[in-house]
Every structure is written in structure tokens, then in C-alpha cells.
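K.L.:
Just so it is clear: in the sequence shown, position 20 is 5 by the numbering used here, and no numbers are missing.
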Amino acid sequence: MGWDDIAESVCPVARSLAVLGDRWTLLIVRELFLGTRRFDAFQVQTGMSPHLLSGRLKRLENDGVIERRPYQQRPPRYEYRLTEKGKDLLGVVLALRAWGLRWCGLDPTKEPAVRLFHTECGSEVGPIPICRQCGKLIEPKDITAKLSGTYATEREARGSAVTAEKTPAAR
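#1: Quick check: what's the CA-CA separation for GLU124 versus LEU75?
#2: Can you list, in chain order, the residues of its chain with a C-beta nearer than 7 Å to that of VAL78? Leave out the 5 residues immediately preceding and following it.
#3: Just to confirm my understanding: we take LYS72, look at its own chain, exclude 5 residues before and 5 after, and list those with CB closer than 8 Å. What are they?
#4: Can you tell which of SER108, GLY6, ALA98, ARG87 has its C-alpha closest to the C-alpha of LEU132?
#5: Exposed or buried, VAL(-5), counting other C-beta atoms within 10 Å across all chains shown (16 or more means buried)?
#6: Assign HIS103 to one of two classes, buried (16 or more other C-beta atoms within 10 Å of its C-beta) or exposed (fewer than that).
#7: For LYS70, which residues in the same chain have their Cβ closer than 7 Å to its Cβ, ignoring the five residues on either side in sequence?
#8: I'd like to know if the stretch 126 to 146 and the stretch 24 to 33 are in contact, where contact means that at least 3 CB-CB pairs between them fall below 8 Å.
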């Protein structure tokens, strides 16, 4: 069975995988939930090649998960935003995060890379998008993310490495 066949299956898991079924696509979605909007920033934080990133962004746009919005005219530059369809992936990302915290060999005594809080009541967000404290449905706009020091440093180092590669002195 090929990807085209999976996209036509009556199984909702198979159809979902036809849209989201690779690690790169889910990393893009993670970055969108963390507030990343621009091509260069996606490239820095995911490590994707420009060609691969461009293809995944186009596919997400064609599938209605993201939309491209211009932010500069000359030269034309775009940012990417989750659509309502894309925002509905919050539960998927929260579930993957919870599974990773439990099963991917992370030290449970250390602070997780990202802690998520329900902005309205301050309660930590769990694996489903319903606040455990106040019972309200949580949408992406209702979440405040706090990066651990280690993860913030990791992300900054990726950005610094790319900046260093682009400066003439580094060549």
C-alpha cells in the first residue's frame, strides 16, 4: 500500500498519517505551536534542508493545516500560521509530548524541555487539551510555554550556529 492508497482509506488513522506521517512534518507543527512563523526559523530549529522544508510546508498548506501570509513585499517573504484544522492538532502534540516524557528515556528527575501552562488559571497542561484544574477546553492561544534552561540553550545554539555559518569570518 502506497501513500496515495493510504490517503484514500476509510481508516481515519491512515488518512491522518497521509498528512502528518513523518517526523519532519510533526516538528514543523511543534514549532508552529511554539510560535515559529518564518522559513529560516523552521530550518534552524528542525535542521531540515531548504528543499525538504519547502516541500513539507507546501504539503501542509495544500492539506489546509497551515496558511501562508505575506509579511514583506520586496523580496516577497511569507510566514506560516496554523489554520483551525492545524490548531486541532494540539491534542496530538500533547499526547506525543506525554508519550515521549514517559517512554523516550528522558530523565524524570529533570525539568522537561517545555512546560505548558493554562494561561487563565496557571495549571500545568497535561496530555489532553482540557484543563485538569478548571475543566475548560484548552486551545493553543490558551497555553503559555516555558522552555527549560537546557532546551532554551539548545535552541539558541542552533540559531547561533546558523548565524556563524552565514558570517564571512566563519567561511
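In this text, a Cβ means the ideal position worked out from N, Cα and C, and glycines have one as well.
P.N.:
Once the coordinates are examined:
#1: Here residue 124 refers to the residue found at position 139 of the sequence shown. Here residue 75 refers to the residue found at position 90 of the sequence shown. GLU124 and LEU75: Cα-Cα distance of roughly 7 Å.
#2: One-based indexing of the sequence shown puts residue 78 at position 93. Contacts found: VAL14, ARG15, PHE18.
#3: In the sequence shown, counting from the first residue as 1, residue 72 sits at position 87. Closer than 8 Å at Cβ, skipping near neighbours: GLU124, PRO125.
#4: The sequence position of residue 132 within the sequence shown is 147, counting from 1. Among SER108, GLY6, ALA98, ARG87, the Cα nearest to that of LEU132 belongs to ALA98.
#5: Here residue -5 is taken as the residue at index 10 of the sequence shown, counted from 1. Flag for VAL(-5) reads exposed.
#6: On the sequence shown, residue 103 is found 118 positions in, with the first residue counted as 1. HIS103 should be labelled buried.
#7: Sequence index remark: in the sequence shown, residue 70 carries index 85 (1-based). Answer for LYS70: GLY49, VAL50, listed in chain order.
#8: yes
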